[in-house]
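Residue numbers (the numbering used here): 11 to 624.
Written out as structure tokens, the structure reads:
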């Protein structure tokens, strides 16, 4: 094993056999860090988004945080129910894309896929940027290194996912459990007996003393849609069903239910505490930080939770790495993306999808310099578009299949689709000029990419006669051409391979006619060939040009004119055992392959000879 392979195996792990894939598949508990961190960590910004919108109407409007949060939890329950049905009906993964593909025309399923690709990319960028922002808030000296830290975390998450989702889930399990248990304990203490209720708060309040905006329907809808950002990531489990251990459907449904229960309790608990303590936005401190500080005081527990939140916000990017590669593999299987996306690598993961997601997120992080506020206006539009399409597709699914109590399911999904559609429209209208226009352009661009790729594969299929029975193959006599430079073991190996293909073999050597230079060497080659007598004629090709490939191509054209034969060109290739020596050899192979690679009437192959003592 070479040095490069050894480093790769150390970082990524050794190759896995097909029967070892089960080791990298996940359980419901492992599904929380692997596919649910995006949704779970949304409690860090979802409730705050509601409060920030309500604060524009003054202190009197902050009491609406609880009813709005209840409405969001009801919608969460509808989404969890819907995606549990998606998991059962479409166990092959793909989530919303699979639902739309089965129930709508292709354009709708491509809209769903494009929206999810945008959402997954933004999830990675937002999660990492939010985590780094939390880190630099605690340690301001790290602020100049924001972008390198973001890219370093992205590299870490990418490397772990290239090892396999099982390794990633196990690596992230401890901080995820600390976050879940710790926050639930904080909420419980806050509800029963807060430890620092009357302690001085940090920062200054950002709530205007007088209402700047009337508390009307539009304000409530804006607060509701802003708070719905806490629901991003709910769909990832349905997209990644194939990643679970058998029975996949049962385990995935359990994970979805577990996610919904934990997230619902967290959102309601935080809303109750925020309402009870009249928490509003403050400079330099998040709503979640205020809740923790009042519940347990600014002691060791506060700092442990703050650090844990920072870590899991960074790791929430892993949700996309679990969902997007499976989605892109489905798209590739349907000919909407290059087939490379459907291939597993040595670790049995969809590595091309992982690298693509890492590349897109990295470019985005560099473009916005790791600033979360620049990304937030783009966030949630894609996933809420997917929510709407998924539930609309389920309504049609129930209408067509009509299982027991299908009317109840259809009404529930229809109401959920209408609600998420309203939230999507509000997102677009209120955030369009703040950056949402980028999503509006990106989604059609992705749809166009999918459509162009599909059209190409359709043309390719017609060109090669895919799905048709071709005529019986007919063998043709074969002439093998072997370009040679000298009489040596490399030439011997190539001529032997040529004779094993066909008895009709000709060796060719190109002589550049200039001022007679190298004439003696060429005559010596002819004499050596005669003494060696391999049973193959040597044809000397003379040219006045510097190109060695041109006379060989012209000779091949002459052979085609004289005989209806299959021409095979076998090129001797030296393979030194050290990579740095290889550029010293095989210049003829490079030139000749470039000249003949587009010729459909010629088969070009190489005859490698390892050089162990180079």
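By construction, the Cβ of each residue, glycine as well, lies at the ideal position given by its N, Cα and C atoms.
Assuming contact is defined by CB atoms lying nearer than 8 Å, are residue i and residue j in contact in what I supplied?
i           : j           : result
residue 237 : residue 80  : no
residue 243 : residue 358 : no
residue 371 : residue 134 : yes
residue 437 : residue 167 : no
residue 317 : residue 139 : no
residue 186 : residue 77  : no
residue 268 : residue 89  : no
residue 101 : residue 282 : no
residue 200 : residue 315 : no
residue 50  : residue 350 : no
residue 124 : residue 457 : yes
residue 340 : residue 156 : no
So what's residue i in DSSP terms, helix, strand or just coil?
i           : result
residue 302 : helix
residue 581 : strand
residue 548 : strand
residue 401 : helix
residue 495 : coil
residue 442 : helix
residue 114 : coil
residue 326 : coil
residue 278 : helix
residue 43  : helix
residue 153 : helix
residue 576 : strand
residue 624 : Unreliable positioning characterises residue 624 in this predicted model, as indicated by a pLDDT of 43, which lies under 50. A coordinate reading is not provided.
residue 292 : strand
residue 586 : strand
residue 257 : coil
residue 208 : coil
residue 36  : strand
residue 608 : coil
Which residue's Cα is closest to the Cα of residue i: the options?
i           : options               : result
residue 99  : 405, 522 and 440      : 405
residue 381 : 333, 265, 143 and 562 : 143
residue 161 : 259, 360 and 368      : 368
residue 484 : 499, 474, 575 and 511 : 575
residue 536 : 207, 495, 163 and 373 : 495
residue 568 : 615, 491 and 510      : 491
residue 503 : 581, 475, 478 and 572 : 581
residue 91  : 420, 622, 452 and 450 : 420
residue 95  : 83, 82 and 109        : 109
residue 208 : 300, 583 and 328      : 300
residue 363 : 171, 607 and 231      : 171
residue 131 : 158, 373 and 97       : 373
residue 83  : 119, 519, 617 and 280 : 280
residue 488 : 519, 431, 544 and 515 : 515
residue 188 : 466, 297 and 322      : 322
Assuming residue i and residue j make a contact with CB atoms under 8 Å, what is their CB distance in whole Å?
i           : j           : result
residue 429 : residue 145 : Residue 429 to residue 145, Cβ: 35 Å. No contact.
residue 313 : residue 303 : Residue 313 to residue 303, Cβ: 10 Å. No contact.
residue 87  : residue 270 : 7 Å
residue 559 : residue 601 : 5 Å
residue 128 : residue 449 : 6 Å
residue 285 : residue 75  : 5 Å
residue 319 : residue 179 : That pair is no contact at about 19 Å.
residue 141 : residue 324 : 3 Å
residue 562 : residue 520 : 7 Å
Closer than 6 Å by C-beta to residue i: which residues in its own chain qualify, once you throw out the five before and the five after it? Chain order, please.
i           : result
residue 427 : 398, 401 and 402
residue 346 : 460, 463 and 464
residue 307 : 205 and 206
residue 41  : 265
Could you name the residues of the same chain whose beta carbon sits closer than 8 Å to that of residue i, not counting the 5 residues immediately before and after it, in chain order?
i           : result
residue 624 : A caution first: residue 624 carries a pLDDT of 43, below 50, which makes its placement in the model too unreliable to give a value.
residue 613 : 576, 577, 578 and 579
residue 486 : 574, 575 and 576
Among residues of its own chain, excluding the 5 on either side of residue i, which ones have a beta-carbon nearer than 7 Å to its beta-carbon?
i           : result
residue 239 : 52, 55, 56, 59, 389 and 390
residue 522 : 553 and 556
residue 538 : 497
residue 114 : 403
residue 424 : 405
residue 607 : 614
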